[in-house]
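One structure is given below, encoded as structure tokens.
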Amino acid sequence: MGKEALKDRNISEKQQPWWKSAVIYQIYPRSFCDSNGDGIGDLQGIISRLDYLQELGVDAVWLSPVYRSPQDDNGYDISDYRDIDPIFGTLADMDELIAEAKKRNIRIIMDVVVNHSSDEHVWFREAKKSRSNPYHNYYIWRDGEEGTPPNELKSAFGGSAWTWVPECGQYYLHLFSEKQPDLNWENPEVRHEVHEMLRWWADRGVGGFRLDVVDLFGKEVDKMITKEGTMLHPYIKEMSKAVFCNTDLVTVGEAWSATPERALLYSNPDGSELSMVFQFEHISLDQQEGKTKWDLAPLPFLKFKQVLSKWQTELYQRGWNSLFFENHDLPRSVSRFGNDREYRIESAKMLATLLHGMQGTPYIYQGQELGMTNIRMELSEYQDIELLGMYRERKAAGYPEEELMEAIYAKGRDNARTPMQWSDAPNGGFTTGTPWLKVNPNYKQINAYSQVQDGNSIFHYYRKLIALRKKHSVLVDGRYELLLPEDSSVFAYTRTDEKTRLLVLCNFTADTVAFSMDEDWTDAEVLIGNYESPSASGTLRPYEAVMLKKQRTAEMK
Ligand code: TEU
Ligand code: CA
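When the count follows our numbering, it moves up by one through the sequence shown with no breaks and lands on 613 for the last residue.
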């Protein structure tokens with residue numbers, strides 16, 4: 057046996073944490089299922105759909121925030137970390153959700169937003185009363201003169217990151233909306249409060265935590281450093297020691313700035329920090345160099361392959377990837393990377409194959425398993441604070457209306473937030489009332505009810521991919537290798553362990569394409585594919601995807 061193969065075997069024989077073979081489903085509660093007709097999804101709605109998630113086969117649910125909140129940023133502005141917002145239900149509903157999910161072997165992962173709180177949190181209400189208030193130092197204040205903020209830091213949602221408070225004669229920092237004041241992580245009391253709160257949720261039985269904008273925790277505002285400050289990793293280590301270590305909690309940090317080098321720290325297998333991070337490199341390619349996501353550019357496909365492959369190889373056996381194409385901040389992947397018209401079903405399955413064949417923990421965002429698509433609405437119908445902020449700023453700066461709307465159609469966060477399409481009943485079966493955000497009119501064709509009935513649906517394709525991960529450990533541990541790096545249509549790679557080799561082939565175009573490979577795969581077993589029978593070897597039909605498996609032999613490298 058070669059050295060590589062020995063290494064492959066050692067890792068697969070080690071006892072693995074549960075989340076290395078898990079698939080996680082993200083729920084955006086406001087848009088998932090409304091149980092009481094007020095137009096807003098809620099906890100009882102989620103409970104009523106747990107059987108659906110069990111059928112899909114997911115191991116855990118990442119729940120976007122349901123804490124008490126004025127909902128300025130749909131719950132990412134928390135006013136009480138230990139209570140549930142009345143629009144979603146009560147703490148008793150939350151306990152019921154945890155227990156009902158557990159019965160179905162599903163863990164609940166809480167979304168922890170502690171870079172900032174709501175300005176309506178009692179800490180901030182106190183903090184802004186005076187400089188001498190005991191909570192003042194829970195937030196980040198700088199002296200200055202009204203009208204002249206301390207520095208040029210900008211809010212992600214438009215305008216300055218500083219807001220003046222006359223009572224204190226000071227500015228407070230908010231890297232997001234002014235209703236989201238940044239917590240002062242330099243204050244040990246703040247960090248202690250966070251640890252206590254996390255333990256409180258762990259004791260209630262949750263399965264883990266997703267940490268919102270974790271890379272901002274160590275900010276050094278006077279040096280204009282927001283991401284990856286000097287104290288970032290010490291703070292995470294401290295938190296891990298206080299809360300996560302010696303538990304089986306899964307932890308995933310959201311880190312827009314993460315490079316593979318950083319990710320090796322965050323996801324160090326020694327457990328000193330987190331289980332994994334969300335990195336966004338592959339998500340930030342279809343935009344103009346050095347600009348924002350609103351400055352659209354076509355996806356550079358070769359770069360896309362190279363970036364995803366880099367993450368696969370750099371973290372192999374030294375860290376852990378999270379795998380995702382969608383979340384509540386991103387457009388729908390079938391509209392973005394696939395074809396949401398004539399090849400919607402094929403391309404949704406192709407993207408699923410690509411992602412679920414890789415190493416890491418796959419995340420499915422609600423509706424992705426149905427191939428839900430982007431939406432186009434009238435400006436007045438949009439709700440998202442980010443896209444409205446962008447529109448206001450760019451409109452004032454003279455951008456043409458048409459360009460702004462195109463950017464919103466392509467990248468606006470409301471694309472992901474339209475209500476879940478459960479059936480062809482009015483409003484897609486999401487609510488009996490008026491939904492808080494318009495339901496995508498295509499719900500008559502695209503809905504869960506019809507896909508659960510149809511064995512060939514995207515839903516069942518995801519179900520099979522999840523089942524494959526449980527069955528073939530090579531999907532969890534296998535070494536990744538990119539093939540055909542220069543091919544401008546096909547994304548191809550292998551996964552290899554001691555016994556098995558998998559080949560994943562994905563056509564990213566609406567044409568039938570030919571390609572050639574050195575290795576012979578003609579007799580390989582087809583694990584899954586999105587056409588009834590696979591193509592003749594060496595060709596792929598429009599958006600075709602296939603995953604093949606064969607036994608590894610001595611002469612294979
Ligand atoms: O997002 C982090 C963040 O930086 C976003 O502003 C992101 O850049 C943007 O959505 C991409 O278009 C997290 C949450 O996921 C997001 O929903 C919150 O609005 C944000 O933090 C503030 O809590
Ligand atoms: Ca409701």
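Every residue, glycine too, gets a C-beta built ideally from N, C-alpha and C.
What you are looking at is a predicted structure, and each value in this text was computed from that prediction instead of being measured.
By alpha-carbon distance to Leu-540, the top candidate from Asp-351, Phe-571, Ser-313 and Ser-87 is Phe-571.
Looking at Gly-145, Met-446, Tyr-322 and Ala-523, the one whose alpha-carbon comes closest to that of Gly-97 is Gly-145.
Inclusion of Gly-413 and Val-560 in the CB contact set at 7 Å is warranted, their separation being smaller than that value. Arg-388 sits in coil when the DSSP states are folded into three classes, being neither helix nor strand.
Where Arg-247 is concerned, the enclosing alpha helix (DSSP H) starts and stops at 244 to 259. For Met-461, the enclosing alpha helix (DSSP H) has its first and last residue at 457 to 467. Counting of Cβ neighbours within 10 angstroms places Asn-377 among the buried residues, the total reaching 16 or more. Within the segment 517 to 566, the complete beta strand (DSSP E) segments at least 3 residues long are 535 to 539, 546 to 552 and 556 to 563, listed from N- to C-terminus. Burial check for Gln-368: the Cβ neighbour count within 10 Å reaches 16 or more, so the residue is buried. In the three-state scheme derived from DSSP, where H, G and I count as helix and E and B as strand, Ser-104 is classed as helix. Sequence-distant partners of Lys-520 (beyond 5 residues in either direction) whose C-beta falls short of 6 Å from its own C-beta, in its chain, are Ile-584. In the DSSP assignment, Arg-450 falls within the unbroken alpha helix (DSSP H) covering 441 to 452. DSSP places Asp-470 in the uninterrupted alpha helix (DSSP H) bounded by 470 to 473. Here Asp-470 is actually not in contact with Leu-435; their C-beta atoms are around 11 Å apart, not less than 8 Å. Closest in alpha carbon position to Val-306, among Leu-596, Cys-562, Gln-72 and Tyr-599, is Gln-72.
Bridge partners of Phe-213 according to DSSP: none are assigned. In the DSSP assignment, Tyr-322 falls within the alpha helix (DSSP H) that extends over 316 to 322. Assigned with DSSP and collapsed to three states, Pro-418 falls in strand. Not one heavy atom of ligand 2 is found less than 6 Å from the C-beta of Asp-141. A distance of 7 Å or more separates the beta carbons of Trp-350 and Met-433. In the structure shown, Tyr-372 falls within a coil segment according to DSSP collapsed to helix, strand and coil.
Within 10 angstroms of the beta-carbon of Val-582 lie fewer than 16 other beta-carbons, which makes it exposed. A Cβ closer than 6 Å to some heavy atom of ligand 2 marks a residue here, and those residues are Asp-90, Ser-91, Asn-92, Asp-94, Ile-96 and Asp-98. Taking a cut-off of 8 Å on C-beta distances, the segment 498 to 506 does not touch the segment 324 to 331, as fewer than three cross pairs fall below it. Looking only at Tyr-291, Gln-127 and Gly-285, the smallest Cα-Cα distance to Lys-235 is reached by Gln-127. For Arg-400, the enclosing alpha helix (DSSP H) stretches over residues 400 to 412. Comparing alpha-carbon positions, the option among Phe-88, Cys-301 and Tyr-108 lying closest to Gln-509 turns out to be Tyr-108. Under the criterion of beta carbons closer than 8 Å, Lys-526 and Ser-91 do not qualify as touching, at roughly 31 Å. DSSP assignment within the segment 320 to 361 yields the following whole beta strand (DSSP E) runs of 3 residues or more, N-terminal first: 332 to 334. In this structure, Asp-268 has its beta carbon less than 6 Å from a heavy atom of ligand 1. With contact defined as three or more Cβ pairs closer than 8 Å, the segment 299 to 314 and the segment 262 to 273 are in contact. Burial state of Trp-492 is buried, judged by a 10 Å Cβ sphere holding 16 or more other Cβ atoms. Per DSSP, Ala-116 is one residue of the beta strand (DSSP E) stretching across 116 to 119. Taking C-beta atoms under 8 Å as the contact rule, Gln-110 and Asp-149 fail to qualify, at a distance of about 19 Å. Asp-470 has its CB no nearer than 6 Å to any heavy atom of ligand 1.
Inter-residue distance for Asp-574 and Tyr-372 is about 24 Å (C-alpha atoms, whole angstroms).
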